[in-house]
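S.K.: Take this note's numbering: the last position of the sequence shown gets the number 377, and nothing is skipped along the way. A virtual CB, placed ideally from N, CA and C, is assigned to each residue, including glycine. Remember, predicted model here, so these are calculated numbers, not experimental data. The structure's right below; bear with me while I get my questions together.
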Amino acid sequence: MALLDDVKSELAAIDNELPAAKKAQATAMIRFGGGLRLVQRQIIVQAQFDSLEAAKWLQSTIKNLYGHEASLTQVARQTPSGVVQRYLVQVERGGAALALQTGLLDRRKHLVLGLPADIISGNIAQVKAAWRGAFLAHGGLSDPGKASYLEIVCPTNEAALALVGAARRLGVTAKPRQLRSSERVTLKDPDAIERMLMLMGAPRSAREWTGKRSDGEARGKANRLANFDDANMRRSAKAAAEASDKVRKAFEILGDDIPENLRAAGQLRLDHGDASLEELGRLANPPITKDAIAGRIRRLLQLAEKTEKARAQQQ
């Protein structure tokens, strides 16, 4: 959770964007953090965050960019893991005007369920800012060492599709999915996650996430090797020894009458008895695929068997 907090702190600290990008981020933060409520025919804009820095950014932007006062209050929320603190940004007076200014209400005062078209089709800075705002509002990131994911919980299917389209414009493949009655947009490829973190404006956190993930994978691999089943190791060693014996016998049968490519493949098997076929392929000169090296060894053994049978028939 600490790394996720670091990512959101880094994103919330960005303050050098042009007004169009700031508007895109604010709109996404409102859309994915809560949205609009109608109370006694009055539109109230509200958004809730788990990051105090994100809440302060939105409160400040609403005042400085749109000219509306927004309240910021801390609220306690009960979750399965206990009580957590959330930060609620709310605009009561001028809520309808703010909704129109952000594009969450269209000109006919209809609610926009996804993101406004001028953001989705806007410049790349706006698209990046929209993803940044959505992540600040409702984004999640896997802990290093666990299955990789970057995920945003979306208020509507339209909002999810808007994020998918925005990611496509950034050259990143994101997939919508439904989990426990909620719409989500997810990235699972580690390279795509690192790229999206950097595009959103968190290069420091991206490097930290990638570094910790690599360290976790290395430790996991070491543990798997250390705990490798002895029986499997014995079977692998036995299979390698049997393969080497067969090649050695084939060399004895065929003598000098062996095609050079088959001889080279067989010699690799003898010289590197513990190596996998893929490793043998890499050791070949020039390197070949594991299927190619397996095929050459197989043809070597078949040629030896055929030659031995022919000699037996001649006797």
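(1) Going by DSSP, what residue range makes up the beta strand (DSSP E) through G144?
(2) When you compare the CB positions of A90 and A196, do they come within less than 7 Å of one another, or not?
(3) Please classify L332 as buried or exposed, where buried requires at least 16 neighbouring CB atoms within 10 angstroms.
(4) Taking A366 as the reference, which of L167, V69, D353 and D319 has the closest Cα?
(5) Among L324, G357 and I315, which residue has its Cα nearest to the Cα of A372?
(6) When burial is assigned at 16 or more other CB atoms within 10 Å of the CB, is P178 buried or exposed?
(7) What are the boundary residues of the alpha helix (DSSP H) that includes E79?
(8) T123 and A161: beta carbons closer than 7 Å?
(9) With 16 as the cutoff for other CB atoms within 10 Å, does E72 come out buried or exposed?
(10) Just how far apart, CA to CA, sit E115 and S338?
(11) By the 10 Å Cβ neighbour count, where 16 or more other Cβ atoms means buried, how is A374 classified, buried or exposed?
(12) Write down every uninterrupted run of the alpha helix (DSSP H) in the segment 71-135 whose length is 4 residues or greater and which is fully enclosed by it, in chain order.
(13) By the DSSP assignment, the alpha helix (DSSP H) with Q163 in it spans what residues?
(14) Using three-state DSSP, classify A236 as helix, strand or coil.
(15) Hey, is the segment 229-237 in contact with the segment 257-265, meaning 3+ C-beta pairs nearer than 8 Å?
(16) Counting Cβ pairs closer than 8 Å, one from the segment 143-155 and one from the segment 101-109, do we hit at least three?
(17) Does the Cβ-Cβ distance between K190 and L127 come in under 7 Å?
(18) Ends of the alpha helix (DSSP H) at G357?
(19) Would A264 be called buried (16 or more neighbouring beta carbons within 10 Å of its own) or exposed?
(20) Out of A199, S204 and Q240, state which residue places its alpha-carbon closest to the alpha-carbon of K274.
(21) With distances taken Cα to Cα, identify the nearest neighbour of D307 among L363, A64 and W271.
(22) Could you work out which residue in K250, A199 and P217 is closest to K118 when comparing CA atoms only?
(23) Using CA coordinates, which residue listed in I359, K311, A268 and L225 is at the minimum distance from K70?
(24) What do you get for L98, buried or exposed, if any count of 16 or more other CB atoms within 10 angstroms of its CB means buried?
(25) Just the C-alpha distance for R169 and A86, rounded to the nearest angstrom, thanks.
(26) Does the Cβ of G328 have 16 or more other Cβ atoms within 10 Å, making it buried, or fewer, making it exposed?
(27) So, using beta-carbon positions, are L324 and L345 closer together than 7 Å?
(28) Looking only at its chain, what residues have a beta carbon closer than 7 Å to the beta carbon of P34, apart from the 5 residues adjacent to it on each side?
(29) On a CA-only basis, which of N78, K237, H130 and I186 is nearest L223? Give me that one, please.
(30) Looking at the structure shown, is R281 part of a helix, part of a strand, or coil, going by DSSP?
(31) For V174, count the other beta carbons within 10 Å of its own beta carbon; 16 or more makes it buried, fewer makes it exposed. Which is it?
M.R.: In short:
(1) Note, G144: beta strand (DSSP E), G144 to V153.
(2) It is a contact, given that the beta carbons lie within the stated cut-off.
(3) Per the 10 Å Cβ criterion, exposed.
(4) Closest option to A366, Cα to Cα, is D319.
(5) With distances taken between Cα atoms, A372 lies closest to I315.
(6) Under this definition P178 is a buried residue.
(7) Premise fails: E79 is in no alpha helix (DSSP H) and is neither H nor E.
(8) No; because the gap between Cβ atoms is not below 7 Å, this pair is not in contact.
(9) When all chains shown are included, E72 counts as buried.
(10) The alpha-carbon of E115 is positioned some 52 Å away from that of S338.
(11) Exposed: under 16 other Cβ atoms inside 10 Å.
(12) DSSP runs (the alpha helix (DSSP H)) wholly in the segment 71-135: 81-95 and 114-128.
(13) Annotation for Q163: the continuous alpha helix (DSSP H) segment containing it runs G157 to T164.
(14) Three-state DSSP puts A236 in coil, outside helix and strand.
(15) Under the three-pair Cβ rule at 8 Å, the segment 229-237 counts as touching the segment 257-265.
(16) Cβ pair count under 8 Å is three or more, so yes.
(17) Between K190 and L127, the C-beta gap is not smaller than 7 Å, which leaves the two residues out of contact.
(18) G357 -> alpha helix (DSSP H) spans K352 to Q376.
(19) A264 should be labelled buried.
(20) Here the closest residue by C-alpha is S204.
(21) Ranked by Cα distance from D307, the options L363, A64 and W271 are led by L363.
(22) By alpha-carbon distance to K118, the top candidate from K250, A199 and P217 is A199.
(23) Checked all of I359, K311, A268 and L225; the closest Cα to K70 is A268.
(24) A buried status is given to L98, since no fewer than 16 other beta-carbon atoms sit within 10 Å of its beta-carbon.
(25) Between the alpha carbons of R169 and A86 lies a distance of about 17 Å.
(26) Its Cβ being crowded by 16 or more others within 10 Å, G328 is buried.
(27) Against a cut-off of 7 Å, the Cβ pair of L345 and L324 comes out as no contact.
(28) The chain is shown from 63 up to 377; residue 34 falls before or after that span and cannot be answered.
(29) Of N78, K237, H130 and I186, the residue nearest in Cα terms is K237.
(30) With a pLDDT of 49 at R281, under the threshold of 50, the predicted position of this residue should be treated as unreliable, though the coordinate-derived value follows. Correct three-state label for R281: helix.
(31) Buried: at least 16 other Cβ atoms inside 10 Å.
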